[in-house]
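Using UniProt numbering, you'd call the opening residue of the sequence shown number 1 and step up by one each time. Glycine included, each C-beta is placed from N, C-alpha and C at the ideal position. Nothing here was measured: the structure is a model prediction, and the numbers come from that model. Below is one structure, written out as C-alpha cells; the observations come after it.
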Amino acid sequence: MHGMHARLPKNFVLEERLERYGQVIELDPALWRGRWGEACAPLGARSFSEVRLDLGCGKGAFAIEAARREPDVLFVAMDSEPVCVAYAAQHVCESGLPNVVVVPGNGMRVREFFSPGELSRIYLNFPTPFPRKRDAGKRMACMERLLDFRDVLSAGAEVRLRTDSQPLFDFMLTQVPLAGYDLLWTSRDARADFPDEPSSEYEERLGAQGACVYALAATPGELPEHIEQTAELSLAEYLPHDLAELESLGYAPHGMQATVVNLRNRASRKAAREATS
Ligand SMILES: C[S@@+](CC[C@H](N)C(=O)[O-])C[C@H]1O[C@@H](n2cnc3c(N)ncnc32)[C@H](O)[C@@H]1O
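As C-alpha cells, this is what we get:
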C-alpha cells in the first residue's frame, strides 16, 4: 500500500502476524482455481452462491463489510503487499466472518487463480493509479487487465471501479470499450448516488480530505475483432488543461498532487506570456 511502510507500528513483525492470522489466509491461491466456492464453504453448506474478488483489498474494510451484508457470497480479498495481507487477515479474524478469505496475490495473475466463469464480480477499489505513461502497464483499470478478467468472469458478471481519481476514471472509460465491455452505469459522485455502499479505508481517508468518489460498472460484451490500445496512457492527459479549471480543482487526485501543481504553473506561465505579448 502506498506510503504504508512509513506508518507501520514499531512492534510490527510481518511473519508473526501472517502466522497468527493464518487461518483466513490462503498462501497458494492457484491451488483453489475452479473450486473456491466449494473449498471455502462453511461446514455443512455445499457451496457459496457467488465468488467475488476484491482486487487490491488493502486492509480489507470493504470486503469485510460487503461480506457481512451478503453471507451467501464468498469474498476473496487479494493484495500483492504482504503487509496489507496481514492487516486484512487480522481484520477478517476479528470480524469472525466465514465468507472472506485473504490471499497474497498479484492482479496480473488472476487467470492462474480463477477458472473461466468462476467470478461474478471484481472490485477495483481505489486501485493504485500509476499516473505515468511508463507505469501504465501496472494499472488494474486498463484494457489488458479487462481482457484477462473476461476469462474468469461469469455471464453477466461485473467489474466495478471506485476511485478518487477523475483522470483514472476517465482513462478507464476509454478502456472499457477497447476491451469489449459494456458500461452498465457511471457516477461522478458515488457517495451521493449510492450512500449505502460499504466504503474502503482509502475511501474514508480521502473522503475526509474532500475527495469525490468516481465509480463505474462494466460487463463483458462482444470481444472486438481488432484489439488495440488507442488511448492516451499518461493520466496527466486526463486532467483539465484549462487554468481556471485547474485552479478550481479543490482536490488533487491521490498520487497526482505534484502533476496538478506543475500543470497549474505551466498554465499560469502561459497565461502570463500571452498577457505580455
Ligand atoms: C490505494 S490502495 C487501496 C486499498 C483498498 N482497496 C482501499 O480502497 O482502501 C491500492 C492497493 O492495491 C494494491 N495493489 C497494487 N497493485 C497490485 C497488484 N498488481 N495486485 C494486487 N494488489 C495490488 C496495493 O498493494 C494497495 O494495497
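Are the CB atoms of residue i and residue j nearer to each other than 8 Å?
i	j	result
THR259	LEU239	yes
ARG139	PRO127	yes
GLY137	VAL102	no
ASP182	ALA211	no
GLY255	PRO129	yes
GLN175	ALA217	no
VAL85	ASP79	yes
ARG46	PHE75	no
PRO104	LEU8	no
ILE64	LEU97	yes
SER234	ARG132	yes
ASP148	ARG111	yes
PRO82	LEU14	yes
ALA231	PHE171	yes
VAL152	VAL92	no
ALA267	LEU243	yes
GLY117	SER154	yes
MET143	GLN229	yes
Report, in whole angstroms, the separation of the C-beta atoms of residue i and residue j, which I expect to be a contact under 8 Å.
i	j	result
ALA157	SER120	5 Å
VAL160	LEU124	The sequence given here places Arg at residue 160; Val does not occur at that position. Between LEU124 and ARG160 the Cβ distance is about 7 Å, and since that is below 8 Å, they are a contact.
ALA89	TYR21	4 Å
ALA179	TYR214	That belief does not hold up - the Cβ atoms of ALA179 and TYR214 are roughly 19 Å apart, past 8 Å.
PHE114	ARG35	Between ARG35 and PHE114 the Cβ distance is about 10 Å, and since that is not below 8 Å, they are no contact.
GLU201	GLY58	5 Å
GLU247	ARG264	7 Å
PHE48	ASP54	PHE48 to ASP54, Cβ: 15 Å. No contact.
ARG134	GLY107	ARG134 to GLY107, Cβ: 19 Å. No contact.
Quick check: is any heavy atom of ligand 3 less than 7 Å from the C-beta of residue i?
i	result
PHE149	The ligand content of the structure shown is limited to ligand 1, which means ligand 3 is not among them.
**Prompt:** Which residues have a Cβ closer than 5 Å to any heavy atom of ligand 1, listed in chain order?
**Reply:** MET1, GLY56, GLY58, ASP79, SER80, GLU81, CYS84, ASN106, GLY107, ASN125, PHE126, THR128, SER200, GLU201 and TYR202
**Request:** Enumerate, from N- to C-terminal direction, the unbroken alpha helix (DSSP H) stretches of 4 or more residues contained entirely within the segment 29–87.
**Result:** 36–39 and 61–69
**Request:** Quick one: which unbroken alpha helix (DSSP H) runs of 4-plus residues sit fully inside the segment 121–186? Chain order, please.
**Result:** Whole alpha helix (DSSP H) segments, 4+ residues: 143–150 and 166–178.
**Message:** Extract the residue ranges of the alpha helix (DSSP H) inside the segment 234–264, only unbroken runs of 4 or more that lie entirely within it.
**Reply:** 243–248
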